[in-house]
Amino acid sequence: MATTPVVELRRQFKQGKQALIDAFLEARPTTTSSSRLLRTLARHVDDTLRLVWAESGLPAGACLAAVGGYGRGELFPHSDVDVLVLLPDGIDSMQPGPVRDAVERFITTCWDVGLEIGSSVRTVPECVTEAAGDVTIQTALLEARSLTGDARLFRRLVKRLAEAMDPKAFLRAKTLEAVQRHTKFDDTPYALEPNCKESPGGLRDLQLLIWLARAAGLGKTWKELSQRGLITPFESQQLKRNEGQLTLIRARLHAVAGRREDRLVFDLQDAVARSFGFKPTGGQRASEVLMRRYYWAAKAVTQLHQILLLNLEERINGAQQAQIHRIDDQFEDRAGMLEVASDDLYQRDPSAILRTFLVFQQSTGIKGLSARTLRALYNARKLMTARWRNDPVNRATFMAILQAERGHTHALRLMNQTSVLGRYLWVFRAIVGQMQHDLFHVYTVDQHILMVLRNVRRFFIPEHAHEYPFCSQLASQWDAPHLLYIAALFHDVAKGRGGDHSDLGAVDVRRFCRQHGLDAEDTQLCVFLVQHHLTLSRVAQKEDLSDPEVITRVAGVVGNVRYLTALYLLTVADIRGTSPKVWNAWKGKLLEDLFRLTARALGGAPLNLDAEIENRKQEARQALALHAMLPGTEAPLWQTLTVSYFARHDAAELAWHARALWRHVQTTVPVVRARPSPVGEGLQVLVYSPDRPDLFARICGYFDTAGFNILDAKVHTTRPGFALDTFQVIQPDAEGLHRDLVTLVETQLALALAADGPLPEPRRGRLSRRVKSFPYTTRIGLRPDEKATAWLLSISTSDRAGLLYAIARVLARHRINLQLAKITTLGERVEDTFLIDGPALQQNKTQLQIESELLDAVSLPA
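Position in the sequence shown counted from 1, then plus 308, gives you the numbering used here.
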């Protein structure tokens, strides 16, 4: 093929493709428009491939076939074009000669024209052999479609593949593959950046069903599956409808992104939503309207996929002959699946809907719901009315589910998957599929709530005691787990309504408790837990736990140890249920310290700071003796320190500091010591140096440059004017390797602190996609502490590299002393609190200037 025809063909192909995409974007977004686009794009590629094939010089007996998704005759705007060059038997395309030259010419020309093809070159026997050993190849060939060339050769391929197909083996391989795929996406369709092709509830789940049906000769379309009794006509209609929704969203995503992108990533959600014509409504972003539509379609696909998959498994494996064990008059155990005794059970007795999940919990050996039961639940949705919700029988059943001995997590997740939970708890329905734009939740609200409930439940299961021993210890002494489950269900149920979700949720849970017959005492506990579910985390991460007044105030809020225990368990479960990245051992220690201090105060023994400090000193002396340190080793250092130092460090830290510094109390050069953190991952770093205004900033600058995140900082100034600062730091890229960094940190940080000259400018690191898409409004607060002896500086903003250093530079510029720093990172948002003092803070004008400079320092880079 001459150069000019290739150039012209490339121009025609790209212009034709772009014209189809442009017309699609300009048309009203309907499922019809997307299916038309997919078909016309496939035909446009078909025509181009045929032209290239005709000029390639391949032998007359060869054939070109479309395989994979392209084989279905549908092509998304930027999907790969998978083709098979099928050669006559006995031809080896790898041998030098005319055939190999022709194949290479064909493939090269395709790419020159702009066709991003994925190609394979095989004979019929090779196809059969490779398909037998690779289920991915077998799947791609299952939907093969002849494009041009020898039609007889293609028909022989189809026949040979059909003869070699083992439906049972194919089912087994594809279901295992699906399990792996779902696990990769956390087994939920509700990820905040879902893959609309691969995620659970995505298009791949629907394609899997058609592949299995084709492999077993049961049909190629939803209509054919309905005609064979595998699904009802209504289910066929719903499958087609939701497949159309997902196809439309994916096609628009491709078109808007201008590339192959199947993830609804944050920075594309708004653009895709605008292409649909969605606008912000009722406090919702346009992207939230789009994602709500996606989640509801994905949820429907998840339900229908499970029904049809179970039916296909029964038809292929012959499980319809499985032994049936009758549980009672309403339910049966069918090969380990819970099955309704009759298809019209729920129509005859709507109260059996909730009882399904109670029986599921109580029946040993039941691992799921059968297709018949799932179908009956799917078709019973209209029966779940206000009258059904208010039925005393149903309320008693729901309480029985919460009070059962086991199976709470699975039962409630099943209830949510089958839409029963949202139809019974109407307030829960409002948050199904609701996104959370707070930069640290990675789940939708309903999935987060169920994750928190799962975490609470695990505290009561002995097999999980190794995960959080202290929580499990407290849970073992707790007499009413169902009250914690209720609190977990309602703690975030009012999100997205406007107003304080804790107060609104407290109203909802009070109504629930009253309707479900809980007594006044239990009701008040549930209300308290929902209303104060953020209190402990806020205090632990933002306030000085060595201050007796802080502990007294928390004790006054909780009132008694029972309330404190319940709130502590819910708090740990809640933080762990936001994101795998949010919880760490340091936060766990802060919460546990707050619990123990508050429990002691509630026990009638208010914190006696002098006695507590003396106990710590004595323990530290014993630890020093164990390290062969002479009596009195600690005295030179301790005599220079104030009460606040001893109140903020435990005995082990006091001993470590004394061992490290006993020779350096009057040092003229910075002393840096590091050790693996006694609490979880990371390092604990001690800095002892003659004090100067920019010292904290220089320390932060080093950690920023070296790639460490600061989790906590305790800052003290000795009477002779030395700084004694302790940091908890972690390097995300050095997981499990922090011990190897001890010497490096000690050497490099000491050199950095010995340097003179102006502070370098903070680096402006790249922002994450989430921060770019959902920038968090920066808030800065500056107010006197309760004793009016210092000031509390609070900063809440989006996280980025160099943030703490930028804050420290401003404080250093105004010669502000730092007494305490609480560094709290919540995903990609930070909430930092500093206890500071200095003459500059006594003047209103200077305060405003400092706040203005801090706002500039923490603002997001353009």
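In this text, a Cβ means the ideal position worked out from N, Cα and C, and glycines have one as well.
- Message: Spatial neighbours of leucine 729 within its chain, please: C-beta separation below 7 Å, excluding the five flanking residues on both sides.
- Response: Correct list, in chain order: Leu720, Met723 and Phe736.
- Compute the beta-carbon to beta-carbon distance between tryptophan 894 and aspartate 1020, rounded to the nearest angstrom, for a pair I have assumed lies under 8 Å. Cβ-Cβ separation between tryptophan 894 and aspartate 1020: approximately 6 Å, consistent with a contact (criterion under 8 Å).
- Task: Work out the CA separation of asparagine 1152 and glycine 1173 for me, nearest whole Å.
- Result: Because the chain is modelled from 309 through 1170, residue 1173 falls outside the range shown and cannot be assessed.
- Query: Secondary structure at threonine 417, three-state DSSP: helix, strand or coil?
  - Reply: Helix.
- Query: Starting from lysine 1022 and walking both ways along the beta strand (DSSP E), at which residues does that stretch end?
  - Reply: Per DSSP, lysine 1022 is one residue of the beta strand (DSSP E) stretching across 1017 to 1025.
- Would serine 507 count as contacting chain C if we go by Cβ distances under 8 Å? Absent from the structure is chain C; it holds one protein chain and no more.
- Could you pull out every residue in the same chain whose Cβ sits closer than 7 Å to the Cβ of tryptophan 604, ignoring the five residues on either side in sequence? Excluding sequence neighbours, tryptophan 604 sits near Gly741.
- Message: Extract the residue ranges of the beta strand (DSSP E) inside the region 983 to 1010, only unbroken runs of 3 or more that lie entirely within it.
- Response: Unbroken beta strand (DSSP E) runs of no fewer than 3 residues, entirely contained in the region 983 to 1010, are found at 991 to 998, following chain order.
- Message: For lysine 548, which residues in the same chain have their Cβ closer than 7 Å to its Cβ, ignoring the five residues on either side in sequence?
- Response: Within the same chain, lysine 548 has close Cβ partners Trp530.
- DSSP three-state assignment for alanine 1129, whether helix, strand or coil: Strand, per DSSP.
- Which partner residues of cysteine 821 appear in the DSSP bridge assignment? Checking the DSSP bridge columns, you'll see cysteine 821 has no partner listed.
- Query: Rounded to the nearest angstrom, how far is the Cβ of asparagine 820 from that of isoleucine 794, given a contact under 8 Å?
  - Reply: The displayed chain sequence assigns phenylalanine, not asparagine, to residue 820. So it is a contact: roughly 7 Å between Cβ atoms.
- Query: Near threonine 705, what residues of its chain come up, given a Cβ to Cβ distance below 8 Å and the 5 sequence neighbours on each side ignored?
  - Reply: Excluding residues up to 5 positions away in sequence, Ser659, Leu662, Arg663 and Leu666 lie with their Cβ nearer than 8 Å to the Cβ of threonine 705 in the same chain.
- Does the Cβ-Cβ distance between aspartate 397 and tyrosine 378 come in under 8 Å? Against a cut-off of 8 Å, the Cβ pair of tyrosine 378 and aspartate 397 comes out as no contact.
- Item | Contact under 8 Å by Cβ, glycine 527 with leucine 520 | No, the pair does not count as a contact, with Cβ atoms beyond the cut-off.
- Note the first and the last residue of the continuous alpha helix (DSSP H) segment covering glycine 324. Counting along the chain, the alpha helix (DSSP H) containing glycine 324 begins and ends at 311 to 334.
- Item | Residues bridged to leucine 1101 [DSSP beta-bridge criterion] | Leucine 1101 pairs with Leu1090 and Phe1142.
- Going by CA-CA distance only, name the one from Pro406, Arg634 and Leu465 that's closest to cysteine 371. The shortest C-alpha to C-alpha distance from cysteine 371 to any of Pro406, Arg634 and Leu465 is the one to Leu465.
- Message: Below 8 Å on the Cβ atoms is my contact criterion, and I expect proline 1185 with arginine 1117 to pass it. Report the Cβ-Cβ distance as a whole number of Å.
- Response: Absent from the structure is residue 1185, since the part of the chain shown begins at 309 and ends at 1170.
- Task: Could you check the C-alpha separation between leucine 349 and leucine 514 for me, to the nearest Å?
- Result: Straight-line Cα distance between these residues: approximately 21 Å.
- Query: DSSP on tyrosine 776, reduced to helix/strand/coil?
  - Reply: Tyrosine 776 carries a coil assignment under DSSP once its states are collapsed to helix, strand and coil.
- Per DSSP, tyrosine 654 forms a beta bridge with which residues? DSSP lists no partner for tyrosine 654.
- Looking at C-beta atoms only, is the number of pairs between the region 616 to 635 and the region 775 to 791 that lie closer than 8 Å three or more? The region 616 to 635 and the region 775 to 791 do not touch, with fewer than 3 CB-CB distances between them shorter than 8 Å.
- Message: Going by DSSP in three states, valine 801 sits in which element: helix, strand or coil?
- Response: Note: valine 801 maps to coil in three-state DSSP.
- Query: Quick one: Cα of aspartate 958 to Cα of leucine 949, how far?
  - Reply: Between aspartate 958 and leucine 949, the C-alpha separation is close to 15 Å.
- Item | Runs of alpha helix (DSSP H) wholly within the region 870 to 938 (minimum 4 residues, chain order) | Runs found: 893 to 910 and 917 to 934.
- Contacting residues, own chain, Cβ-Cβ under 7 Å from threonine 1132 (five flanking each side not counted): Gln849, Lys850, Val1138, Glu1139 and Asp1140, listed in sequence order.
- Task: Determine the direct distance from the alpha carbon of arginine 884 to that of alanine 448, and round the result to whole angstroms.
- Result: So the two alpha carbons sit approximately 41 Å from each other.
- Query: Is the beta carbon of arginine 558 less than 8 Å from the beta carbon of phenylalanine 332?
  - Reply: Note that the C-beta distance between arginine 558 and phenylalanine 332 is not below 8 Å.
- In angstroms with no decimal places, state the Cα-to-Cα distance between glutamate 771 and methionine 759. Their backbone Cα atoms lie some 18 Å apart in a straight line.
- Query: So, are the CB atoms of serine 364 and arginine 413 less than 8 Å apart?
  - Reply: Going by C-beta atoms, serine 364 is nearer than 8 Å to arginine 413.
- DSSP beta-bridge partners for glutamate 471? DSSP output for glutamate 471 lists no bridge partner at all.
- Message: Taking the alpha-carbon of arginine 623 as reference, which of Arg805, Ala708, Pro475 and Thr610 has the nearest alpha-carbon?
- Response: With respect to the C-alpha of arginine 623, the residue from Arg805, Ala708, Pro475 and Thr610 having the closest C-alpha is Pro475.
- Query: I think phenylalanine 1016 touches isoleucine 1038, with their Cβ atoms under 8 Å apart; what is that distance to the nearest whole Å?
  - Reply: 7 Å between Cβ atoms; contact.
- CA-to-CA distance, threonine 1105 to tryptophan 1240, given in whole angstroms: Within the shown structure, residues of the chain are numbered from 309 to 1170, placing residue 1240 beyond reach of any answer.
- Message: Please tell me whether arginine 318 and glycine 422 are closer than 8 Å, where the distance is taken between their beta carbons.
- Response: Between arginine 318 and glycine 422, the C-beta spacing is below 8 Å.
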